[in-house]
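Q: Going by our numbering, the sequence shown opens with residue 462, and the numbers climb by one from there.
Just so you know, even glycine gets a beta-carbon here, dropped at the ideal spot from N, CA and C.
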Amino acid sequence: MSEARPWLQWHGQVHEHEVSRAGAVNAASSRRWARIRCGQSVRNMGEQVTTNLSIRVPWHDSQWNGTVCRDPAANCHCVDYKNILQRKSVSRELRVRGKPFASFLPPCAKESGGFLSPEDWYVEHQHPYTGIERVAETHGHLKKTIRRVPRYTALGVPFRWLRQENRESWVAPRVLRMLPPEEDPPQGFKTAWVFNPALQAAILDAFYEPVEKDTSLALFYTKGAHPLGDDISRLVVGVGSIERIGQVAFYDSTQGSVSAHPIWEREIAHSLRAGGEGGLLVPFSDYLTPTGDEDEDARRADLAKRLVIEPDQDRIAEFSYRTEHITPDATIGVLTRAIKVAHYLREDGIARGSWAAAETWLNERLSATWRLRGPNPGVGAVLEAMGLRMGVSLVQLAASRDPQFAADPWAAVSQVLDGVTPPPHDRFQADIAAFASQWVYYKGQPERMELARCLSRLAITVEQARRWWEESLRSKTAGNGVSDREIIDNPYVVAELDRGSRDSRPVSFATVDLGALNSGRQVSVLSPADRRRLRAALVATLRRAETQGDTLLGVPEARDRVAKIPVADPVVVPDGWTRAEVDFLSERVVATDGDPQWLQLTERRDVADRLQRKLRARTNKKLPSLGEQWNDILVETVKDTLAQGDRFDPNDPRTSAALNEQADALERLTTRKASVLVGRAGTGKTTVLGALSRGTSQQGRVLFLAPTGKARVRLESRVAEGTDVMTVAKFLHSQGRYDGSRQEPIIGGPCYDGHEAVVVDEASMLTEDTLAAVIGTFGAGVKRLILVGDPAQLPPIGAGRPFADLVAHLDPADVSEDEDLDDREIRRGALARLKHEVRAVQGQQSDTLRLARWFTGDELSPDAESIFVDMVERKAQLTDLDIRFWSDARSLQEGIAGALRDHLQIADQDDLEAFNRSFLMEPYKRGWVPNDPAGAEQWQVLSPVRRDVWGCDDLNKWIQSTWRLRKLEQARRSNSAAGPQEIIKHDKVILLENGEREGWDSERQEKISGYLANGEVALVRTVRRNWRNLLFAGRPAKHTYNFHGRHFGDGESRRTVVELAYALTVHKAQGSEFGVVIVVLPRHPMVYRELVYTALTRSRRQLVLMVQGDGVGDLIDLSKPTASVTSKRNTNLFRLAVREGEDRPYARHLVHRAPDGELLRSKSELLIYTRCLDAGLHPQYECRFEPTPGDWKWPDFTFIDDAGDAIIWEHLGMMGDPQYASEWDKKREWYLNHGFVEGESLFSTEERGGLDVADVDAVIAELRRLVS
């Protein structure tokens, strides 16, 4: 018996009564052994030893009630967990949907997918090393072991504690006794996990030791895989009390009744029940289950967002690794949010339950957690920051030994460090002795000790404490000049200025607020209305707004957002407070006193001021002409870059007009110190840049920059050979202006004079910070800055929309509010627009671009609506556009499979050969090898989101498991699949961060190093041990780059550097082009005009549009100005743009808005519409006119006469364009054929060099006669 329990032998004698007949050690006995080893009884340890647990569960559509999901196909979220991904069979689960675990056990069961099961069920455990030959001697005897799981029980596994890399750094400081030594695994076997079963058992026992029955809480959460939104990385779904920690169990063995190897999953029984009993289970299913009423479903889905309980961002690690200890501060944050959710549940009346009782239960636990927290939760972390090794462990053990420790931790610690009382364990003696001189020094520095006490009031990590204790680290995160006294006087400074680091999140406002306000104490440290607190809350709110694109907020919106910060004491900013405290705010926040009143971070104001000063000065500064023959250079450029099979005739009237427009643009771009080139897709922007690089006066003097790796590759293929091209990040990195650890730019002074001109392509992707950082590097030698882009594309991910704001400054949409009327023409001289489309498909117009025009915000051609008719009535005749409709996961997958079959000749899931050939792989021996870097760009699936059945995460898994299933199963057996996505050889992947990477040159047989950019796509060429060699698109075929298995993530807190890329979000694809693109468009709030336009313009040969529904109505709605997200951002670059409210959230200088709020497409249409209103007319703008089903047009303005008949007014803004004029002739004929009479029921106005207001007034006069 004793041989089967070496972990018990390690700690003392084994008594027979402590082992059950089945061979499992009784849980109570196990904990008693732990108490003996600590020399302390749990009952005497004091409240401070108690801990709460986070328990990860997969998403379930029936409230985790111990049944198979109602719709297993629709629940794609659970497969985000690797074990479920490997084992879930949708077809099998569909046959038993809704059945209890007792009749069918889905793979989610072992992941606590039935933690609310009202019935017992059984689970089968198979040791993961079983069947591996190299560990046959140590693990070959282990058998499948079946255990009964009691009802209302979760299965916990503390993964972080069991990883080898954490044994010394994480586990040892937190375990209050000696642990058994580790054993080396057999030769040739590598594992990331603790190998010795005795050590495993001891660690597991130590992990659960501080958990107290009926006192400790269980916080159940799901990771990012859920239907509530991509931006919620951890979603708490329930809170209950822990009622029991189950017995430790061991695997059955062929060598006897039971083995020495513990089963890691431990039973955690809890009090939680549905309906508000024993805690709070958030009833998401009541809100998200379809009711049959689309409007009601939408209302409930919107209300469900209020039920989100999300941990603070600096607490994410506590909600990782499946099961983990949670600090009181993290618990308080969750309980505070949960109380609000209980209130909302009572208010909504959608889900039945005793929500008042749940609210009472939560309030009681919140009070208990405040008592447990104590006044100085960060004292251990601060001691380590001061230099005391294992300070956290010392404090934990001291707290467990002394019930009075929490009353004054610093007094107790001082007694130990001064030698008055012995340390709680002999192992601390050496560290205390080494720290002695530092401790004496600090005791003689009253202000430093005061800072230590101040920081210890915050529940911060050791890394966070070091950032604020060590002055050199403090200056890196907060800038120079933040003194100890400032932090002592205002601890909220920590939340205001902390920027975090690569591996440590910034200290949040909620963390500081708990320490500074300490609402759990009878006497608060400060008032909830303290101005330091209110300012810090505003700073936190403005920082979060910047991540969402806004560089400022109106005061009403800011106050509303601050009030929603989930803290125990709500933050209330009184009306007028920002005006009264303008001086105090000014150190961090700019507060205006005008109308509207708005707030902006001071550092953001400085960036905007600096950026607009430089852009104003440069765009207004004229330069002499370079004297180039741009037309000839353009012809040469087109010929140099012409794809095989394409035709080019410079004498063709349409081509000639485009070349003339491009030549004029080049002359304009090169005669200003800063200039802008805009044009929608297919108008030849890259051709213009190619010509610029070939100009004799500019050869070798132009540096081309692109925001992504793929945009760089595309640009490099168009410019002259030898031209310098790099990513923006690499350029800034080379100038010391890029922080690689935080992946963000650094704004500094002039340092670059390497080229006379700098061109930035895809400039709409640049944030204010990035553009300011680039311009800030320019010395006197950089004479020209040229920004190139398309403002119709997605705005940048981050603060502002500088490219769109600059274009609007040079040529504002709302002329009536132009603040610089005198120099408008000067400004326009710095802007070049390309309007002529040059991209064609086998000599015909591109139907993809015809559709894309609807989403540009530009004026439409007269017969633009014909593309929608063609998409429905003449799908087979479309050139490079294929539209398909879907309704659910199955029809979506069938549609994508059909597109791959029709456009890439990939037949079915057994057609691995065709699948590999679609990536240009070549047969090699008995397999395949990717040799062509362009293979990764041959086709691409795009989605607006990551989650749900239409999101790229699920689509990636589906594509991989459909066409690479056999290879995936082989990789699983050989343990060569990398990361939670199980990336295998030949998979298509994408890089997620910028930085230098080591690689291999196969031709020269030598190591190389290269700067790789976020967004570059690749194929996994080879797998060697734990390394993957990637072949990147756009790079030499002889170069591969090396990535370790850790770069593929661990599904928890480790940063993922590489992930699957068969499907990408549209944001990730911006700046890239692919041969065939399949765009998935669901009915989803994340789908808006700029996203659709960006997706439509990613294809080179063929675009397949997968639209949810059965028609094009949603597409038409998405093309309207009201569907724009760029124009809704708050910025003040050049002109102030603040949302006026939900009904008018648009920037006036980016939209054409009439006095009644109607948004129009052009300035001329705005003038016509406004003059109609002034004349008492009320036109309907772009109202669909359909005289017979399926035959319709989209008139500019429609009026209804007294008889109820329609009168149409079409405005023709580009009659100088022959194609435009031709389309009007066709549309005019259509009107006449349907009974309209010119001058009576059909009117038109034209622009040929400008709009004649007299013509407009003449039509209005006639209309007043007809409709008044």
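Taking contact to mean 3 or more Cβ pairs, one atom from each stretch, closer than 8 Å, check whether the segment 1048-1056 and the segment 1020-1036 are in contact.
A: Counting Cβ pairs under 8 Å, fewer than three are found: no touch.
Q: Quick one: Cα of D1331 to Cα of P1648, how far?
A: Each residue's alpha carbon lies about 17 Å from the other.
Q: Taking its Cβ as the centre, do 16 or more other Cβ atoms sit within 10 Å of D1652, making it buried, or is it exposed?
A: So D1652 ends up on the exposed side.
Q: In this structure, how does DSSP classify D747 when only helix, strand and coil are distinguished?
A: Of the three classes helix, strand and coil, the one that applies to D747 here is helix, per DSSP.
Q: Exposed or buried, what is N1475 when buried is set at 16 or more other beta-carbons lying within 10 Å of its beta-carbon?
A: Per the 10 Å Cβ criterion, buried.
Q: Quick check on M639: buried or exposed, where buried means 16 or more other Cβ atoms within 10 Å of its Cβ?
A: It is exposed - the Cβ of M639 has fewer than 16 other Cβ atoms within 10 Å.
Q: Would you give the residue range spanned by the alpha helix (DSSP H) that T1423 belongs to?
A: Start and end: C1413 to W1424.
Q: What first and last residue would you give for the alpha helix (DSSP H) that runs through M1332?
A: Run containing M1332: S1327 to E1334, per the alpha helix (DSSP H) assignment.
Q: Which of helix, strand or coil does DSSP assign to N1490?
A: Residue state, collapsed to three classes: strand.
Q: Using the Cα positions of L1579 and L1557, report the straight-line distance between them to the nearest angstrom.
A: So the alpha carbons of these two residues sit roughly 13 Å apart.
Q: Relative to the C-alpha of L999, which residue among L975, K1025 and S988 is closest?
A: Closest option to L999, Cα to Cα, is K1025.
Q: Which of the three DSSP states is assigned to F562 in this structure?
A: Residue state, collapsed to three classes: coil.
Q: Beta-carbon within less than 8 Å of V1717's beta-carbon, same chain only, minus the 5 sequence neighbours each way: which residues are those?
A: Excluding sequence neighbours, V1717 sits near L1628, I1629, R1632 and T1706.
Q: Using three-state DSSP, classify L999 as helix, strand or coil.
A: L999 falls in the helix class under three-state DSSP.
Q: Flag this pair as touching only if the segment 725-733 and the segment 615-624 have three or more C-beta atom pairs under 8 Å; answer yes or no.
A: Segments in contact, yes.
Q: Taking all protein chains shown into account, decide if W631 is buried (16 or more other Cβ within 10 angstroms of its Cβ) or exposed.
A: Exposed, because fewer than 16 other Cβ atoms sit within 10 Å of the Cβ of W631.
Q: In the DSSP assignment, find the unbroken beta strand (DSSP E) run with Q1123 in it and report its ends.
A: Careful: Q1123 lies outside any beta strand (DSSP E), inside the alpha helix (DSSP H) at P1114 to L1130.
Q: Assess contact between the segment 1249-1266 and the segment 1584-1598, defined as three or more Cβ pairs (one per stretch) separated by less than 8 Å. Is contact present?
A: Yes, they touch.
Q: Who pairs with D1343 in a beta bridge, going by DSSP?
A: BP columns for D1343 point to V1565.
Q: Is the segment 933-949 close to the segment 904-916, with three or more CB pairs under 8 Å?
A: Yes, the segment 933-949 touches the segment 904-916.
Q: Beta carbon of P634, beta carbon of S962: below 8 Å?
A: Contact flag unset, no.
Q: When you compare the CB positions of L514 and V672, do they come within less than 8 Å of one another, or not?
A: Yes, the Cβ-Cβ distance between L514 and V672 is below 8 Å.
Q: Three or more beta-carbon pairs under 8 Å between the segment 1397-1406 and the segment 1546-1560, yes or no?
A: Enough Cβ pairs lie closer than 8 Å, so yes.
Q: Answer yes if the segment 833-852 comes into contact with the segment 889-906, meaning at least three C-beta pairs across the two stretches below 8 Å, and no otherwise.
A: Segments in contact, yes.
Q: Closest to G1696 by C-alpha separation, out of A1667, A1337 and L623, would be which residue?
A: Among A1667, A1337 and L623, the Cα nearest to that of G1696 belongs to A1667.
Q: Can you list the beta strand (DSSP E) stretches of 3 or more residues lying completely in the segment 1157-1192, in chain order?
A: Counting whole runs of 3 or more residues, the segment 1157-1192 contains the beta strand (DSSP E) stretches 1163-1167 and 1185-1188.
Q: According to DSSP, D1200 sits in a beta bridge with which residue or residues?
A: Partner(s): E1205.
Q: Would you call the CB atoms of G1510 and K543 closer than 8 Å?
A: Result no, Cβ atoms of G1510 and K543 do not sit closer than 8 Å.
Q: Could you work out which residue in D581, E1454 and L1473 is closest to T528 when comparing CA atoms only?
A: Per the Cα distances, D581.
Q: Can you tell me whether DSSP reads D1652 as helix, strand or coil?
A: Note: D1652 maps to strand in three-state DSSP.
Q: Spatial neighbours of Q1204 within its chain, please: C-beta separation below 7 Å, excluding the five flanking residues on both sides.
A: So the list reads E1454 and N1455, once near-sequence residues are dropped.
Q: Give me, in chain order, the residues of the same chain whose beta-carbon lies closer than 7 Å to that of A1234; leave out the 5 immediate sequence neighbours on both sides.
A: Excluding residues within five positions, the ones whose Cβ falls inside 7 Å are L1193, R1198, P1206, I1207 and I1208.
Q: Excluding five sequence neighbours on each side, which residues of the same chain lie with their C-beta closer than 6 Å to the C-beta of A913?
A: Cβ neighbours of A913 beyond the five flanking positions: V843.
Q: Please go through the segment 1243-1310 and give each complete beta strand (DSSP E) segment of 3 or more residues, from N-terminal end onward.
A: You should have 1245-1250 and 1292-1295.
Q: Does the segment 1060-1074 come close enough to the segment 1113-1125 that 3 or more CB-CB pairs lie under 8 Å?
A: As far as the Cβ criterion goes, the segment 1113-1125 does not touch the segment 1060-1074, which means the pair count is below three.
Q: Does the beta-carbon of S1154, which I'm using as the reference point, lie nearer than 7 Å to any heavy atom of the ligand MN?
A: The ligand MN is not part of the structure shown, which contains no ligands of any sort.
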